[in-house]
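Below is one structure; the comments refer to it alone.
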Amino acid sequence: MEENYIDDIMRVLSPFVISKKDSFENDNIQYVTYVNLQDVYVVGVTFKDLGNNALEIRTTVEAEVEVKGKSRYGHESFEESACYNVFFNAVLENGLHHVKITDVTEYDISRYERNKSLSQNLVPYMYEED
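Numbering-wise, the numbering used here puts 400 at position 81 of the sequence shown, and it's gapless, one number per residue.
Below, the structure written as structure tokens:
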């Protein structure tokens with residue numbers, strides 16, 4: 320995903336990060352005035368079978384974000400890492416075709432069930448319970 324779609328991921332993720340700029344406020348910066356997406360790294364990919372060779376692909380990315388804002392003592396800047404999900408739809412027929420980004424969300428580990436995931440080889444994972 321990173322090799323083929325990184326430009327598309329950056330294109331849709333940048334405005335999403337900007338829209339969530341207040342999420343970067345912390346103890347030092349009370350008001351964020353500027354955020355800029357610096358870089359993105361793919362850290363996970365899961366596949367969901369939608370039927371008829373259609374797939375939903377959830378790509379989890381770690382984003383490096385430059386943050387600037389107002390503090391008690393003036394202006395400060397720092398770099399922050401944040402995780403996001405970029406969702407794709409595609410058709411699997413002798414490779415991926417009709418690949419389209421459908422959604423971007425903030426990463427939330429509690430939303431995803433591992434038992435419904437497919438491996439990167441599109442084979443269902445089988446989990447053994449202890």
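Cβ coordinates follow ideal geometry from the N, Cα and C atoms, glycine included. Everything numeric in this text was worked out from a predicted model, so none of it was measured.
| request: Give the straight-line distance between the Cα atoms of asparagine 347 and glutamate 322, rounded to the nearest whole angstrom. | output: Residue numbering aside, residue 347 sits at position 28 when the sequence shown is read from its first letter. Residue numbering aside, residue 322 sits at position 3 when the sequence shown is read from its first letter. Spanning the two alpha carbons is a distance of roughly 36 angstroms.
| message | Between which residues of its own chain and aspartate 327 is the CB-CB distance below 7 angstroms, once the five residues before and five after are set aside? | response | Taking the first residue of the sequence shown as 1, we reach residue 327 at position 8. For aspartate 327, where only same-chain residues beyond five positions count, the Cβ hits under 7 angstroms are Ile420.
| query | Could you give the residue range of the alpha helix (DSSP H) that holds serine 333? | reply | Along the sequence shown, read from residue 1 onward, the residue named residue 333 stands at position 14. Per DSSP, serine 333 belongs to the alpha helix (DSSP H) from 321 to 338.
| said: Beta-carbon within less than 7 angstroms of valine 336's beta-carbon, same chain only, minus the 5 sequence neighbours each way: which residues are those? | reply: Residue 336 sits at position 17 when you count from the first residue of the sequence shown. Val354, Leu356, Ala382, Val384.
| query | Within 10 angstroms of its Cβ, does isoleucine 362 collect 16 or more other Cβ (buried), or is it exposed? | reply | As a position in the sequence shown, residue 362 is number 43, starting the count at 1. One point to set straight first is that residue 362 is valine, not isoleucine, in the sequence displayed. When all chains shown are included, valine 362 counts as exposed.
| request: Please report the residue range of the beta strand (DSSP E) in which phenylalanine 407 lies. | output: Counting from one through the sequence shown, the residue named residue 407 turns up at place 88. That run of the beta strand (DSSP E) goes 393 to 411.
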